[in-house]
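Student:
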Amino acid sequence: MRDFDTHVLDAGGICLVDLFSNRCPPCQVLAPTISSLARKYAGKVTVCKVNVDYLPAVARRYGIRAIPTILIVKDGKVVNYLVGLRPEAQYVAVLDRLLAEAGR
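So for the sequence shown, the numbering used here puts the first residue at 45; every next one is plus one.
1) Between the C-alpha atoms of Arg104 and Asp97, what's the straight-line distance to the nearest angstrom?
2) May I ask you to report which of helix, strand or coil DSSP gives Val102?
3) Do the region 61–76 and the region 128–138 touch if we need at least three Cβ pairs shorter than 8 Å?
4) Buried or exposed, going by whether 16 or more other CB atoms sit within 10 Å of the CB of Pro76?
5) Give me whichever residues DSSP pairs with Asn95 in a beta bridge.
6) Using a Cβ-Cβ cut-off of 8 Å (strictly less than) and excluding sequence neighbours within five positions of Val138, which residues of its own chain qualify?
7) Would you kindly report the start and end of the unbroken alpha helix (DSSP H) that includes Val73?
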């Protein structure tokens with residue numbers, strides 16, 4: 045849990061957090077999209093994955109009831125929840141808007 049706080053909440057900037065489980069087929073479908081986003085936004089957005097089977101406290105903290113769930117965190121605060129499979133364009137739209145607001 046401390047690692048999550050250090051890498052996500054205390055890091056500042058924008059972070060995309062993929063909450064997933066290895067037992068979740070939709071999570072496996074989403075994985076290539078998350079990898080693509082990590083490459084596209086390298087140096088601008090921190091992208092991390094949290095396996096809720098190993099870190100259930102993170103899921104409890106944010107009231108996560110379904111996976112995959114993507115948390116978008118800006119300066120330590122969750123600013124968006126995206127639940128379920130979404131087209132990559134939806135994640136791009138959210139991240140581009142936040143980056144534009146931050147002047148990045």
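Glycine included, C-beta positions come from ideal geometry on N, C-alpha and C.
Since we're looking at a predicted model, the values are computed, not measured.
Tutor: Quick look at the numbers:
1) The residue given as residue 104 occupies position 60 in the sequence shown. The residue given as residue 97 occupies position 53 in the sequence shown. Rounded to whole angstroms, Arg104 to Asp97 spans 12 Å at the Cα level.
2) Working through the sequence shown from its first residue, we reach residue 102 at position 58. In this structure, DSSP gives Val102 a helical state, which the three-state scheme calls helix.
3) The region 61–76 and the region 128–138 touch, with no fewer than 3 CB-CB distances between them shorter than 8 Å.
4) Walking along the sequence shown from the start, residue 76 turns up at place 32. Exposed, since its Cβ has fewer than 16 Cβ neighbours within 10 Å.
5) Counting from one through the sequence shown, the residue named residue 95 turns up at place 51. The partner list for Asn95 (beta bridge, DSSP) reads Phe64.
6) Translated into positions along the sequence shown, residue 138 becomes position 94. For Val138, same chain residues with a beta-carbon under 8 Å away, outside a window of 5 residues either side, are Ile116, Asn124, Leu126 in chain order.
7) In the sequence shown, counting from the first residue as 1, residue 73 sits at position 29. Unbroken alpha helix (DSSP H) run through Val73: 69–84.
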